[in-house]
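Chemist: Here it is, the structure in full.
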Amino acid sequence: DAKTTQPNSMESNEEEPVHLPCNHSTISGTDYIHWYRQLPSQGPEYVIHGLTSNVNNRMASLAIAEDRKSSTLILHRATLRDAAVYYCILRDLNTDKLIFGTGTRLQVFP
Amino acid sequence: GAVVSQHPSWVICKSGTSVKIECRSLDFQATTMFWYRQFPKQSLMLMATSNEGSKATYEQGVEKDKFLINHASLTLSTLTVTSAHPEDSSFYICSAETGGEAGNTIYFGEGSWLTVV
């Protein structure tokens, strides 16, 4: 399974944009990039996913590098409710599995 | 979005007994469901892939006779922890996908806390 590398933690102030980076240098051509977040004692929540092109939805934006070896999850205006552990995951077309790494713990300050 | 529900949310059982956790896809059919385990302050660890109508596929190191998985219908998968011990105490999470391709979204249940005393 292809691996991802994320910073252990990041901090942001409320209402500021947050850019969460993810490196996936061993990504294959069929791997989708998925982002999930998890609040304490809850199951992960889907945020966004993409393959090659940048993606936008109501929660966030996903910027994918041209060589696909890295991506950035963008929260346009952080709120206190965005404080969570964010997981960047590559999903293999062949196995369908989501293998979680250690993720980035995002703290948001008022 | 799609909803995946787990039951119970938490359970306490005595050492040596078995406990069953249910995972339901409420508004879609899921041919594949996944079971994870998460210890405090750690990431999710994939335990097994549950396939409707066939045997589950277990990850390396996960005992299939201890963690029995049944996926009898397109909306229900169950995980039974047999002969539970305190070290099995953990947060168990299931997920289900709305289709069979890597680009499809996977939705997670709320999780089930198991405490073995």
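The listed protein sequences correspond, in order, to chains A and B. According to my numbering, the first sequence is numbered sequentially starting from 487. According to my numbering, the second sequence is numbered sequentially starting from 1085. A virtual CB, placed ideally from N, CA and C, is assigned to each residue, including glycine.
Can you find a CB in chain B that lies within less than 9 angstroms of the CB of Leu584 (chain A)?
Modeler: By this cut-off, Leu584 (chain A) is an interface position.
Chemist: Can you give me the start and stop residues for the beta strand (DSSP E) that His1091 (chain B) sits inside?
Modeler: First-last of the beta strand (DSSP E) with His1091 (chain B): Val1088 to His1091.
Chemist: Pick from B:Val1087, B:Trp1094 and B:Gln1090: whose alpha carbon is nearest that of Val1200 (chain B)?
Modeler: Considering only alpha carbons, the answer is B:Trp1094.
Chemist: Would you kindly work out how many angstroms separate the C-alpha atoms of Ser547 (chain A) and Thr590 (chain A), rounded to a whole number?
Modeler: The straight-line gap from Cα to Cα measures roughly 17 angstroms.
Chemist: Going along the chain, which residues of the region 1186 to 1199 of chain B sit with their C-beta nearer than 8 angstroms to a C-beta in chain A?
Modeler: The region 1186 to 1199 of chain B vs chain A, Cβ under 8 angstroms: Ala1186, Gly1187, Thr1189, Ile1190, Tyr1191, Phe1192, Gly1193, Glu1194, Gly1195 and Trp1197.
Chemist: What's the C-alpha gap between Glu1136 (chain B) and Thr1182 (chain B)?
Modeler: Approximately 13 angstroms, taken between the alpha carbons.
Chemist: Under a three-way DSSP split, which group does Glu1181 (chain B) fall into?
Modeler: Looking at Glu1181 (chain B) - three-state DSSP - the assignment turns out to be strand.
Chemist: CA-CA distance, Ser1089 (chain B) and Glu1147 (chain B)?
Modeler: Going from the Cα of Ser1089 (chain B) to the Cα of Glu1147 (chain B) covers about 25 angstroms.
Chemist: Assign Leu506 (chain A) to one of three DSSP states: helix, strand, or coil.
Modeler: Reduced to three states, the DSSP call for Leu506 (chain A) is strand.
Chemist: In the DSSP assignment, find the unbroken beta strand (DSSP E) run with Phe586 (chain A) in it and report its ends.
Modeler: From DSSP, Phe586 (chain A) is part of no beta strand (DSSP E); its letter is neither H nor E.
Chemist: Could you tell me the alpha carbon to alpha carbon distance between Leu527 (chain A) and Ser514 (chain A), rounded to whole angstroms?
Modeler: The amino acid at residue 527 (chain A) is misidentified as Leu; the sequence shows Ser. Spanning the two alpha carbons is a distance of roughly 33 angstroms.
Chemist: Who pairs with Arg554 (chain A) in a beta bridge, going by DSSP?
Modeler: BP columns for Arg554 (chain A) are empty, so no partner.
Chemist: Beta carbon of Leu566 (chain A), beta carbon of Glu500 (chain A): below 9 angstroms?
Modeler: Yes.
Chemist: Figure out for me which residue from B:Ala1114, B:Ser1157, B:Ile1153 and B:Thr1159 has the closest Cα to the Cα of Val1165 (chain B).
Modeler: Residue B:Ile1153 is the option with its Cα nearest to Val1165 (chain B).
Chemist: Tell me which residue opens and which closes the beta strand (DSSP E) that Thr1116 (chain B) is part of.
Modeler: Where Thr1116 (chain B) is concerned, the enclosing beta strand (DSSP E) stretches over Thr1116 to Gln1122.
Chemist: What three-state label does DSSP hand Arg567 (chain A) in the structure shown?
Modeler: It is helical.
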